[in-house]
Structures are given as structure tokens and as C-alpha cells.
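If you're matching them up, the sequences are chains A and B in order. Residues in the first sequence are numbered consecutively from -17, following our numbering. Residues in the second sequence are numbered consecutively from -17, following our numbering. As C-alpha cells, the structure follows; a few thoughts come after it.
2 protein chains.
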Amino acid sequence: MNLTPLIQSFVLHFGEMGSRWGINRTVGQMYALLFVSEKPLNADEMAEALGFSRSNVSMGLKELESWRLVKLQHFPGDRREYYSTPEDVWAIFKTLADERKKREVEPTLSMLREALMETPANEAERHAQARMGQMHDLIDLTTSWFSDIQKLDVETLKKLMTLGAQVQKFLEFKQKLSFPRVSEKE
Amino acid sequence: MNLTPLIQSFVLHFGEMGSRWGINRTVGQMYALLFVSEKPLNADEMAEALGFSRSNVSMGLKELESWRLVKLQHFPGDRREYYSTPEDVWAIFKTLADERKKREVEPTLSMLREALMETPANEAERHAQARMGQMHDLIDLTTSWFSDIQKLDVETLKKLMTLGAQVQKFLEFKQKLSFPRVSEKE
DNA sequence: TTGAATTTTCAGTAATTTGTGAAATTTGAT
DNA sequence: ATCAAATTTCACAAATTACTGAAAATTCAA
């Protein structure tokens, strides 16, 4: 791996983290390399920089494309394909969240909903369904909220986050508007 | 696996999902089994229900304990250890988030901060640092916001989520308070 | 069309991760 | 202290996943 120590440590860390999140280590490294690269890279450059076989890079890029995490482009007079990552880190984050939602959250919600349709055969199943219901509601609420939030433009999102737990005050305020003049209890 | 089809499909799905998130499939299944179980289970019961070896269950439980995802308890006159999951799904979610933050997010932020301290040796490194800075800020903002939000009690949290993107209105409102009487342009 | 450049596929191997059974350790009742 | 019950450890085997090189397929310029 002929990268400067600075970039190398980033690439290696990212590969390591990737593997903890169910992403192949070398794919994580490829992504990290593209992320910090000044200019788009072709597969040979990546294979060379990371010390992987050309075919491994090809498969890794396919994987990254399926996650919509890389952009493909061409340069005039050069047949090779050049890859890069979007510049906007928030956009990247959103893409990743969307894709995980589609691949993991939605199938899980479907499975839970189907299980909840069944008539429980005994007390154990009745209890299991109650638990699945709790899990379903948590996932459902969390992810719909998340996609709501995602629709905000980045600047609004940043403001919201910077505000942090202050939002609580807003909720209290809203509460008062809905039930004016009610005593302070609760 | 001598479980009813309803419970079995939940357990299997959960194992599958676990493995996509970097969690050993059998550990995922063990967790799922405990999650839907009416009463705490001991290791032998789990091994029996899931068809795993006793030693595999032992290691899986250690793993789950390290994530603080299971509760251990004893019953009078029984030396064996019984495991269960917390009843409150939101509490479970928070534990998981805390643990992932500690294990993955914080080390990543440290790595990024260290990289950002270095003096860039050339233009490529300068650019890489800029990118790492962007990533650092996103992770930092997102996670501090998340831990702020997490501090809210569950009821408030639910209200907030139910509100969804309406929060935007709050932000606009706040904006007006900070700069009253300024013309409407952005 | 031909053929060189480029990318993809895939069968086989390598590496890693997971699971097991037997042995060792710990626990607690007597 | 002793011993059986319970749990943990760990070396090995099994299973899964990742990587490679060679061959096949695709692309595009001439």
C-alpha cells in the first residue's frame, strides 16, 4: 500500500470499522480511499494503491455501486472508468441510511407485520406477538421520523441538531398551547 | 429447533439481520429468543431450543453481556443462571446505541482528530484532511445530537418523533424571535 | 469486423470466523 | 473439605466469506 501514513491510517481504520458493520474490509478501504482522493480514480489505480488484485477491486466497486455510494465518470480520450464519492458528506449519509432502510428495516417490518397477523396458538405465542408489536412500533416510529428529518435541507438539519435537547422546550410550549389554562400538574 | 413457526421465523430473521450488522448469527438468534420469551431462560434451555451446543450458548451469552443487552437472574433453589432482556424496548435501543458509540464512534472520532493534527505533507494530504474534517464534523454533530435526544424521557421522545418534520416550523419561529422585524429574505 | 484495452466472471484457494466436544474451572450445598 | 452441578475455556473442525488469477465478455477505436 503506497499511501502516505496519514491516508493509510484513515483507510485502514475505515476498513476495520466497515467490517464491524457487516461491510467487507477491503470494500471499506476502497471507499475510504475514494473519499479522501483529490481526483477520481480508476480500478487499476485503486488496486495499485491498496495492493489488491484487479478482480477484487472490480467486485468491490460493484458492491459500492449497489449501495449508490460511488459516482462513475469518464475522461475524454480515456476509456477507463473513474470513480469518486459525492462531495457532500450529508448526502452520503442520507444515501447510506436510505439503502440500509430499504435492505434491512423494511424487510424486518414486513416480517413483524406478518407475524402479528397470525392468530397466536398459545400463551407463549401471545406474549411473543406482544413483544414483536413493541419492536415493530419502535422501528416504525424511529424510521418514519428519521425519513421526515432527512427531508429537511442540510442547513435546517444542522440548526436542529445544534439546538439539541432544547427541542424539549418547544414541546412543552406546544403542550401549553393545546391545553391552555390547565393547571401545571404533569 | 423446537419452536413454533411464528417464533422460529422471528428468531431466524433476527439472526440473519444480526449477521448483516456484524453480529454473529447465532448470537442474534439467542437474543431474539430471549426477547420474545415469557420467562427468563437458562443456557441449557436456550441450547435445546435453538439446537446449539452448550458451549456456543455460553460464549454467545458472554457476548450479549458485554453489550449489556441481557439481564442475569437467579431463582431460589436453582443454581443455574437465567437470562432475559429488558422489557422496555426503548431502553434496549439506548443501550445498543451507547455501546456502539463507545466501541465504534468514539475511536473513529479520535482517529480523525489525530489525523487532523498532523501537518499535511503535500496537496493530497491537505485535501484528505479537509475531507476527514468534514466527516469528523458530521459524526460529531450527529452523535452529540443523538445523545442529547436520548436524554429525553421516552414519552417526550415519542411526542417529538410523532411531530416529525414539523420541527422545521419551530426553527422558523425561533429564527424570527432572534431577528425580529428583519425583512423576510432568508 | 477486428483486435487491443478494459472490465467482469468464476472456479479454486486462502483466510477468517464460527461452532463443537472434551477438559478445566468455578460454584455452592452438604 | 468434598463433590456434583453448572459454567467456561480452548484446541480443533466445520462453515463461511474473501481474494486471486485465468479466462470470458464487453467496449470502442480504427
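Built from N, CA and C at the ideal position, the CB exists for glycine as well. Treat the numbers as computed from the prediction; the structure is a model and nothing was measured.
Start and end residues, beta strand (DSSP E) containing residue i
i	result
Ser48 (chain B)	Looking at the DSSP string, Ser48 (chain B) is not in any beta strand (DSSP E); the run it does join, the alpha helix (DSSP H), is 36 to 48.
Lys53 (chain B)	53 to 57
Arg85 (chain B)	Taken as a continuous stretch (DSSP letters only), Arg85 (chain B) belongs to no beta strand (DSSP E), as it is neither H nor E.
Neighbourhood of residue i by C-beta, 7 Å cutoff - its chain only, sequence neighbours within 5 removed
i	result
Ser1 (chain A)	Arg7, Gly10
Glu81 (chain B)	Trp49, Arg50
Lys83 (chain B)	Thr125
Thr90 (chain A)	Ile121
Leu175 (chain A)	Since the first residue shown for chain A is -17 and the last is 168, residue 175 (chain A) is missing from the structure and cannot be characterised.
Met114 (chain A)	Leu94, Ala97, Leu98
Beta carbon of residue i nearer than 7 Å to that of residue j
i	j	result
Ala31 (chain A)	Val39 (chain A)	no
Val71 (chain A)	Met93 (chain B)	no
Leu16 (chain B)	Tyr65 (chain B)	yes
Phe(-8) (chain B)	Ala73 (chain A)	no
Gly4 (chain A)	Trp127 (chain B)	no
Glu107 (chain B)	Thr(-14) (chain A)	yes
Val18 (chain A)	Ala14 (chain B)	no
Met(-1) (chain B)	Glu86 (chain A)	yes
Thr67 (chain A)	Arg50 (chain A)	no
Gln55 (chain B)	Pro22 (chain B)	yes
Met12 (chain A)	Gly59 (chain A)	no
Arg61 (chain B)	Asn24 (chain B)	no
Gln150 (chain A)	Leu134 (chain B)	yes
Enclosing alpha helix (DSSP H) for residue i [first to last residue]
i	result
Ser(-9) (chain B)	-13 to 2
Glu81 (chain B)	71 to 82
Glu88 (chain B)	88 to 99
Ser129 (chain B)	105 to 133
Arg7 (chain B)	7 to 18
Thr144 (chain A)	136 to 145
Proximity test, residue i beta-carbon vs the ligand FMN heavy atom, cut-off 6 Å
i	result
Met114 (chain A)	Of ligands this structure carries none, so the ligand FMN is not represented either.
Neighbourhood of residue i by C-beta distance below 8 Å, restricted to the same chain and skipping five residues each side
i	result
Ile131 (chain A)	Leu139, Leu142
Ala103 (chain A)	none
Arg163 (chain B)	The predicted position of Arg163 (chain B) is uncertain, since its pLDDT is 46 and thus under 50; no value can be drawn from it.
Glu166 (chain A)	Any reading at Glu166 (chain A) must be qualified, since the residue scores a pLDDT of 44, below 50, and its modelled position is unreliable; the value itself is stated next. Result list for Glu166 (chain A): empty, nothing under 8 Å.
Ala79 (chain B)	Phe128, Gln132
Under 9 Å by beta carbon: chain A residues contacting residue i
i	result
Lys140 (chain B)	Leu123
Thr77 (chain B)	Ordered by position in chain A, no residue passes the 9 Å Cβ test against Thr77 (chain B), which lies about 13 Å from the chain.
Ser(-9) (chain B)	Met93, Glu96, Ala97
Glu86 (chain B)	Met(-1), Arg2, Trp3
Listed by chain order, chain B residues near residue i by CB distance under 7 Å
i	result
Trp72 (chain A)	Leu120
Gln150 (chain A)	Leu134, Thr138
Residue i: contacting residues in chain B (beta-carbon distance under 8 Å)
i	result
Phe34 (chain A)	What Phe34 (chain A) touches in chain B: nothing, since even the nearest Cβ is about 20 Å away.
Gly4 (chain A)	Ser1, Arg2, Trp3, Gly4
His56 (chain A)	Correct list: empty, because the minimum Cβ distance to chain B is about 22 Å.
Glu30 (chain A)	Going along chain B, no residue has its Cβ under 8 Å from Glu30 (chain A), so there is no contact; the nearest lies around 15 Å.
Contacts of residue i in chain B (Cβ-Cβ under 9 Å)
i	result
Phe17 (chain A)	Ala110, Arg113, Met114, Met117
Asp80 (chain A)	By Cβ distance, chain B contributes nothing, its closest Cβ being about 16 Å from Asp80 (chain A), past 9 Å.
Thr8 (chain A)	Going along chain B, no residue has its Cβ under 9 Å from Thr8 (chain A), so there is no contact; the nearest lies around 16 Å.
Glu45 (chain A)	Here the premise fails: no neighbours, minimum Cβ distance about 13 Å.
Glu27 (chain A)	Simply none; closest approach about 13 Å.
Contacts of residue i in chain A (Cβ-Cβ under 8 Å)
i	result
Leu(-12) (chain B)	Ala97, Glu100, Pro102, Ala103, Glu107, Ala110, Gln111
Nonlocal neighbours in the same chain, by C-beta distance under 6 Å from residue i, ignoring five residues either side
i	result
Arg36 (chain B)	Ala29
His(-5) (chain A)	none
Lys53 (chain B)	Ser66
Leu(-12) (chain B)	none
Gly(-3) (chain A)	Arg7, Gly10, Gln11
Within chain A, the residues that residue i reaches when beta carbons sit closer than 7 Å
i	result
Trp127 (chain B)	Met143, Gly146
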